[in-house]
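The opening position of the sequence shown corresponds to residue 0 in numbering that gives the first Met the number 0, with each subsequent residue numbered one higher.
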Amino acid sequence: MALELTQLLLSAQSTDANVRNEAETTLGQFRDQNFQHFLVSLSFEFSNVGKPTDSRILAGIVLKNSLDARWVAINDSLKSQIKNNLLDILGSSLQKLSHTAAEVVSKIASIEVPRKEWPELFRLLHANMTQPDSPASLKHATLEILGYVCEEISNKDLVQDEVLYILEAITQGIDVPEQNTEVCLAAVRALYIALGHQQPNFLNDMQMCYIMRVICNAAMEGDKEIREAVFGCLVSIASTYYNLLKRYMPSIIQLTSNAFHGHEEAVVLKAVDFWSAICDKEMEIQHNKLKHYHFIKEVLSTLVPILIRTLKQDKDQYEDQDQEDGIRNSTMAGVTCLCLVARTVGDAVVPHVLPFVKENITNKWDWPSREAATYALGSILEGPNTEKLLPDLNSFLPILLDEMRDHNSHMKNTAAWTLSRIFELVHLPATRSSVVTSGNLQQIKEVLLNNIQDAPHVAEKVCGAIYFLVKGYQEAGPESSVLIPHVREIISSLTKSIVSTNSKIRSSAYKTLIKVVICLDLTNTSNIIVELFSDIMSKLEPTLNLQIISLDDREKQGELQASFRGVLQAIIHKLCSVDKTKPEILKVADQIIKLLLHEFESCNSTIHKEDMLLIGALAYATGPVFGKYMEEFYKYLLMGLQNLEDYQVCRATVVVVGIICRALDDKILSYSEGVMQLLLKCLSSDELHRSVKPLIFACVGDIALAIGEHFEKYVISALRIMQSASEECFKLDNNDKEMIDYCNQLKCSILECYSLILLGLKNSKTALMVYHIPDIQRFLKSVVENPRVQLMQHMHFFINKYEAAALYLDKSVTKAAQALLYRLADAIGSNIKLLQFFTSDSFCVKLVNECLESNDEEMKITARWIQVKTLHLTTSHSRTPLV
């Protein structure tokens with residue numbers, strides 16, 4: 000079989016498809032007929048130095064890909080043969096062979112280590128790294144295995160001795176002075192994975208000291224890739240072992256300085272990332288009031304000059320630098336880090352930055368230094384006391400506005416960013432503490448609007464500056480009057496930019512226009528917003544008839560229509576927020592609906608998310624009047640609910656159904672049959688994205704409330720699906736943050752749906768729910784008795800952000816559970832079976848007591864009402880009261 004297997008493996012790589020397919024089929028049959036023998040044969044082929052290299056490499060790859068749950072059932076002696084063959088080839092001088100062997104060993108380890116079935120593995124790997132005669136190829140492959148294992152296996156599956164073997168083996172790969180560069184690099188990368196793999200404070204001070212000494216030495220002596228990898232390790236250490244870093248700070252700041260002097264972009268980025276990580280950690284520590292070493296404050300005098308150097312562009316490359324935003328380089332990393340430093344130490348950073356700004360911000364002969372000064376100024380505005388900075392900012396503002404007239408787009412980009420930061424953080428007209436005054440607002444507006452269609456990266460920053468400029472007046476009271484004369488021109492410029500030929504400019508202008516509309520005070524600007532409505536409508540209609548020749552034309556049409564619909568939606572929400580301007584929407588409602596229906600028809604009934612959201616906004620604004628559009632709109636509503644593939648459309652449609660129910664109330668009855676059928680079908684579908692299901696339950700509740708006793712026909716089918724979903728809630732992974740969030744949303748929506756069904760059926764049809772009380776009781780009991788993830792089981796010092804989020808979300812579930820209990824209590828009347836629901840289990844008492852102890856006043860009031868209600872009813876029926 001050995002010769003036949005060799006030929007099969009070679010044939011499986013043939014350029015002739017027929018030969019290749021036949022070989023693959025035969026290999027598959029061999030695997031299926033005798034799995035154990037198949038794996039053993041592959042391992043011997045792989046380890047046999049007399050075989051062709053191509054067949055050996057493929058044998059290893061096929062072996063790795065064939066390892067699955069069946070491995071566990073293989074005879075122990077055969078397993079040992081396979082593993083020994085693999086270990087023998089780890090040191091092969093052919094890199095592809097040793098690399099493949101490392102992957103296969105790692106795959107076996109991922110199966111066996113959690114089962115405690117390969118106890119000698121880490122001792123063997125440790126020996127590979129410590130034996131003097133181990134070749135570099137063996138060490139490199141061993142380190143690959145250690146990296147893979149740390150990535151794939153939970154630390155809960157490793158005992159302490161195994162962890163120590165791993166760390167000692169890895170550090171041995173870094174520490175030996177004459178170590179091969181590739182081995183050292185592999186060791187540093189494996190260490191990065193291993194450090195991130197361990198629980199905080201798993202290592203003691205001595206072990207940490209050794210690791211720090213080893214990696215610092217490697218950074219001093221290693222090549223560029225090694226230094227980059229070392230700083231990657233330091234980033235991991237910064238967040239995990241902050242408490243053990245104090246003695247190493249002098250060495251790390253020296254490494255940082257060396258990195259910046261080396262002018263190697265990748266190394267500089269990682270070095271900056273380390274200090275950003277320290278800032279993040281120290282802000283977290285400050286927030287939680289834990290032990291603080293103030294590393295950033297101690298190194299300010301050294302660190303800030305280093306960061307300022309990153310802000311300087313290289314003169315020779317200045318004009319050729321990529322104009323695209325989003326490309327991370329040392330300058331952007333330095334800006335981010337300096338912002339974090341300012342937030343971490345506050346006023347302490349100012350003396351280290353402001354002198355550089357004053358000296359260079361007007362330096363017209365040294366563009367890189369001038370730009371660096373502008374960046375530095377924008378970076379220290381959050382954290383320090385801005386009132387203390389105000390006198391200097393008043394003097395810098397004219398300079399920044401002048402920079403916006405510069406011929407160099409880099410300079411304008413940086414100036415626009417800094418202006419945006421100033422308007423965001425130091426523009427507070429309500430407190431009369433602002434760099435913007437009635438005296439300079441005209442100039443500021445002119446400068447910004449003159450650059451609103453500049454290069455895309457400049458226009459984006461300008462739009463940000465415009466938004467924060469307008470937002471500053473949102474709650475400024477009488478002081479906001481100075482903005483009113485400028486609003487029409489600002490809106491006009493943004494509207495013109497929406498139809499720019501550049502998609503990035505269009506996007507920036509569209510988002511900013513929406514934000515500006517939201518910020519404006521209707522008292523003085525309602526006429527301007529109504530004018531904007533007409534303007535946008537006049538621009539939207541022609542887009543339906545654009546000539547489409549290419550995919551670019553289609554994409555531009557879609558972007559324009561989405562932008563216009565988004566602005567219209569924002570305007571509708573704004574106008575309906577005040578009774579005085581609501582009639583303005585009714586005047587144009589017919590026009591909007593006619594336009595949207597025409598769009599649906601012309602696009603072969605394609606429904607867009609933005610269309611649905613706009614219709615939802617219109618239904619919310621017009622209320623019962625929306626009923627006159629339902630006959631024509633109904634079929635498109637059903638189409639949106641049927642669009643399971645584009646779940647965003649389906650999701651938006653579900654939201655709109657809820658809005659229409661609240662707008663039309665019982666007038667939705669004529670359309671409820673088709674809608675309910677599709678909603679229940681969606682809930683039963685495995686194709687629909689799970690994020691839509693909580694919204695559907697909420698929508699079903701809205702329908703029940705709207706149509707009242709007519710919901711009777713849907714009760715059985717709806718509650719059957721709700722029961723199934725209730726059971727699903729408690730099968731989800733409680734260790735996954737995303738699943739915890741989803742589970743809480745699902746619980747809330749089911750509880751709210753039960754509540755709304757009860758409210759809709761109140762009085763005449765309450766008895767229908769009696770048969771379903773056991774299901775409701777089981778679900779409520781599960782919610783109350785399993786209220787949250789056990790927060791402290793893996794804790795060392797404080798709750799992490801995911802656990803805190805789980806706790807917060809759990810409060811919303813408790814609140815929804817209480818609301819359902821309230822509805823049940825309200826529905827009791829003389830129904831003994833419903834009353835027994837409250838007196839047959841202690842979880843009701845537990846829920847009420849938890850709400851009584853809450854800081855939420857609304858929850859306390861509701862809990863007291865439930866107590867009073869049940870006390871009265873249980874006394875009347877000689878039952879035990881709920882106390």
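Using N, Cα and C, we set each Cβ at its ideal position, and we do this for glycine too.
Residue of the options minimising C-alpha distance to residue i
{"i": "Leu846", "options": "Asp825, Leu870, Lys810", "result": "Lys810"}
{"i": "Leu194", "options": "Cys149, Val348, Glu181, Ala218", "result": "Cys149"}
{"i": "Thr867", "options": "Tyr821, Asp534, Glu849, Glu857", "result": "For the record, residue 867 in the displayed sequence is Val; it is not Thr. That would be Tyr821, whose Cα lies nearest to the Cα of Val867."}
{"i": "Phe259", "options": "Gln253, Val267, Ile252", "result": "Val267"}
{"i": "Lys586", "options": "Leu617, Ser601, Ser576", "result": "Leu617"}
{"i": "Leu678", "options": "Asp664, Met721, Asp665, Ile277", "result": "Met721"}
{"i": "Cys843", "options": "Ser853, Ala588, Asn854, Thr869", "result": "Thr869"}
{"i": "Glu161", "options": "Gly172, Leu596, Gln171, Leu145", "result": "Leu145"}
{"i": "Ile490", "options": "Asp534, Lys290, Lys460", "result": "Asp534"}
{"i": "Leu190", "options": "Ile165, Gln178, Ile277, Glu181", "result": "Ile165"}
{"i": "Ala924", "options": "Ser368, Glu402, Gln744, Tyr670", "result": "Any property of residue 924 remains undetermined from this structure, which presents the chain solely from 0 to 882."}
{"i": "Ser601", "options": "Gly626, Ile614, Tyr635, Leu612", "result": "Tyr635"}
{"i": "Glu644", "options": "Ser684, Asn47, Met738", "result": "Ser684"}
{"i": "Phe632", "options": "Ile277, Val469, Tyr670", "result": "Tyr670"}
Residue(s) in a DSSP beta bridge with residue i
{"i": "Leu427", "result": "Ser432"}
N-terminal and C-terminal residue of the alpha helix (DSSP H) that residue i is part of
{"i": "Met211", "result": "204 to 220"}
{"i": "Pro354", "result": "349 to 359"}
{"i": "Leu704", "result": "692 to 706"}
{"i": "Leu166", "result": "159 to 174"}
{"i": "Met248", "result": "248 to 261"}
{"i": "Asp552", "result": "550 to 574"}
{"i": "Arg19", "result": "16 to 32"}
{"i": "Asn84", "result": "75 to 88"}
{"i": "Ile756", "result": "736 to 759"}
{"i": "Pro455", "result": "455 to 470"}
{"i": "Arg487", "result": "483 to 497"}
{"i": "Asp610", "result": "608 to 621"}
{"i": "Gly657", "result": "646 to 663"}
{"i": "His98", "result": "94 to 111"}
{"i": "Lys115", "result": "Per DSSP, Lys115 belongs to no alpha helix (DSSP H) and is neither H nor E."}
{"i": "His688", "result": "Unbroken run through His688: none, as it is neither H nor E."}
{"i": "Trp364", "result": "Here Trp364 belongs to no alpha helix (DSSP H), and DSSP marks it neither H nor E."}
{"i": "Glu630", "result": "629 to 641"}
Same chain, Cβ closer than 7 Å to residue i, neighbours up to 5 away in sequence not counted
{"i": "Ser54", "result": "Thr5, Leu8, Leu9, Glu44"}
{"i": "Leu767", "result": "Glu711, Val714, Leu760"}
{"i": "Arg420", "result": "Gly377, Leu380"}
{"i": "Gln442", "result": "Leu400"}
{"i": "Ser492", "result": "Leu448, Ile451"}
{"i": "Ser562", "result": "Ile497, Arg505, Tyr509"}
{"i": "Val577", "result": "Leu521"}
{"i": "Ile775", "result": "Tyr753"}
{"i": "Tyr466", "result": "Thr511, Lys514, Val515"}
Contacts around residue i, its chain only, beta-carbon distance under 8 Å, and the 5 residues preceding and following it disregarded
{"i": "Lys63", "result": "Thr99, Glu102, Val103, Lys106"}
{"i": "Ser153", "result": "Pro113"}
{"i": "Gly639", "result": "Ile606, Met611, Val648, Cys649, Ala651, Thr652, Val655"}
Short CB-CB distance (under 9 Å) between residue i and chain B
{"i": "Glu609", "result": "In the structure shown, chain B cannot be found, because there is only a single protein chain."}
Own chain partners of residue i with C-beta closer than 6 Å, once the 5 adjacent residues on each side are dropped
{"i": "Lys269", "result": "Glu227, Phe230, Gly231"}
{"i": "Ala16", "result": "none"}
{"i": "Cys338", "result": "Ser378"}
{"i": "Gln473", "result": "Cys518"}
{"i": "Ile547", "result": "Arg553"}
{"i": "Leu545", "result": "Gln556"}
{"i": "Leu574", "result": "Thr580, Glu583, Ile584"}
{"i": "His485", "result": "Lys444"}
{"i": "Ala185", "result": "His139, Leu142"}
Legend entry - Sufficient close CB pairs (3 or more, under 8 Å) joining the region 63 to 70 to the region 22 to 29: In short, these stretches do not touch, since the Cβ pair count stays below three.
Inset, instruction - State whether the region 537 to 553 contacts the region 506 to 513, with contact taken as three or more CB pairs (one from each stretch) at a distance under 8 Å. - result: Touching, no.
Legend entry - Inter-stretch contact (C-beta, 8 Å, three-pair minimum) for the region 360 to 370 and the region 380 to 393: Using a Cβ-Cβ distance cut-off of 8 Å, the region 360 to 370 and the region 380 to 393 are not in contact, since fewer than three pairs of beta carbons, one from each stretch, lie closer than that value.
Inset, instruction - Decide yes or no for the touch test of the region 234 to 246 against the region 298 to 305: beta carbon pairs closer than 8 Å, at least 3 of them. - result: No, the region 234 to 246 is not in contact with the region 298 to 305.
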